[in-house]
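In our numbering, each number is its position in the sequence shown, counted from 1, plus 8. Each residue gets a CB set at the ideal place from its N, CA and C atoms; glycine is no exception.
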Amino acid sequence: MPPIKAVRGVRDILPAEARRWQRVEAAARQTFEAYGYRDIRLPLFERTELFARGIGDETDIVKKEMYTFADRSGESVTLRPEATASVLRAYIEHGFHVQPKPVRLYTLGPMFRYERPQAGRYRQFHQANVEALGETHPALDAEVIAMLLDFFGALGLADRLELHVNSIGDAGTRQAYVAQLREYLTPVQDRLCDECRVRLTRNPLRVLDCKTPHCQPIIEKAPSILDSLSPEAARHFESVRQCLDTMKIRYVVNARLVRGLDYYVRTTFEVLTGELGAQNAVAGGGRYDGLIHQLGGPADPGIGFAIGMERVVLLLGEDDRPPAPLALLIPIGEPALRRLMPVARALRRARLAVELAYGDRKLPRELEHADRIGARFAVIVGDSELERDQCILRDMRTREQRGVPLERLAIELAPGQAHDES
Ligand code: AMP
């Protein structure tokens, strides 16, 4: 029988890599919690309507990337392609809007998009997602951006990344800009790629985001959205920038940063890397005032971002060394095994990583095994040690060994650590 393989575009995260994931997740939780964000855990699938309404019918995500299916009752459900719509659905459903503002929430987990798989782009991928809800002050925009950079700083990645910021104005000014952009692009549409010609009719703003080389000269000469901001939106952006400046945060103002989701207004931002080829966005976000209302909730504003966890893990590189146990406990024979089982358990409860052999192999083979797994110590108990309730503690590096009473083993293995006598 041929073995069954994983589905295209999804990947297994094997133990060596999972250690890096744990570092990334811990950095996210610690950073976000220091800024007052609280963990929220949401379902992986929702009613399809939520994403259609929340993300926008004309976005790539809703048009062609969603995993949508009818469940057994015939209801259309969708594996979440992003988290913001779900967070806002929960915010409305559980009446979070009565809490002190801003309501700060974060969530970590998988997203699903039917995209063309390539390095750094998968059909199941993971995001760290942050949302700050109920506050319009530009200082919040800057604080959210600062927190995003602090997350990368905690992982030692800050110097390898570039922050881009933009303002795409309010809904009204954006419409005027889109009309202006369409006017500029229409006469030159023959020189655009096929996809951009479609975007030109459906969602011209997305042309600015195109990566095709021969579209670039046209995009570069396009009118800047920053020139058509309303006075309020311009003031807001100016203030965000001043706040970033006071925190000494370096950024590039990139008027072509429009993002792939329809719901953004005013501030948008992305964190980019030059190290991952075409998949250069490691994180992105922006303000989405109006979206909560559009989803049937109060007229509360919001701002948030998503970090692409796979890309962060890729940037961290492959320096994973398999974890080695502190000690291999080697009983010689069944009675010694019985004596060492509670000892091993007590050590593990004291958070010491030890491995216990089964007592059915000769000592030289077990010592070889201790070497292979990288154990720092071997703890040997044969008949004569058992009689005196002792063990032989062998340093695997120096090969020195000495007798130690079993009750003192934890202290000998980890001096300086507090040990529970029980
Ligand atoms: P978005 O939700 O599209 O704004 O994406 C936010 C971040 O998620 C991006 O900057 C990427 O780092 C990451 N991301 C988006 N789509 C994928 C994907 N298909 N595979 C891996 N990472 C992704």
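* Asked: To which residues of the same chain is Ala98 closer than 7 Å at the C-beta, ignoring the five residues directly before and after it?
  -> Ile48 and Leu50
* Asked: Helix or strand or just coil, what does DSSP make of Cys218?
  -> coil
* Three-state secondary structure assigned by DSSP to Arg88 -> coil
* Asked: What's the C-alpha gap between Leu280 and Asn174?
  -> 14 Å
* To do: Write down every uninterrupted run of the alpha helix (DSSP H) in the segment 278-340 whose length is 4 residues or greater and which is fully enclosed by it, in chain order.
  => 299-302 and 317-324
* **Pair within 7 Å by beta-carbon distance, Val138 and Gly305** => no
* Asked: So Arg31 packs on Leu163, CB below 8 Å; how close in whole Å?
  -> 7 Å
* Could you tell me how far apart the beta carbons of Glu393 and Leu336 are, in whole angstroms, since I believe they sit closer than 8 Å? => At roughly 15 Å, the Cβ-Cβ gap does not stay under 8 Å, so Glu393 and Leu336 are not in contact.
* Asked: Could you give the uninterrupted runs of the alpha helix (DSSP H) lying entirely in the segment 12-82, keeping only those of 4 residues or more?
  -> 23-42 and 56-63
* Is the segment 110-123 touching the segment 85-99, taking contact as three or more C-beta pairs under 8 Å? -> yes
* Helix, strand or coil: how does DSSP classify Pro125 here? -> coil
* Is Gly325 near the ligand AMP, judged by its Cβ being under 6 Å from some heavy atom? -> no
* Asked: Which residues bound the beta strand (DSSP E) around Leu141?
  -> Gln132 to Leu141
* Measuring CA to CA, which of Pro413, Ala386, Leu148 and Ile419 is closest to Met404? -> Ala386
* Let me know the secondary structure DSSP gives Tyr99 once reduced to three states. => helix
* Asked: Buried or exposed: Leu237, going by 16 or more other Cβ atoms within 10 Å of its Cβ?
  -> buried
* **His172 (DSSP reduced to helix, strand or coil)** => strand
* To the nearest whole angstrom, what separates the beta carbons of Pro309 and Glu83, a pair I think is in contact under 8 Å? -> About 31 Å; that fails the 8 Å criterion.
* How close, in whole Å, do the beta carbons of Arg267 and Arg295 come, if the pair is a contact with beta carbons under 8 Å? -> Contact flag wrong, Cβ pair sits at about 11 Å.
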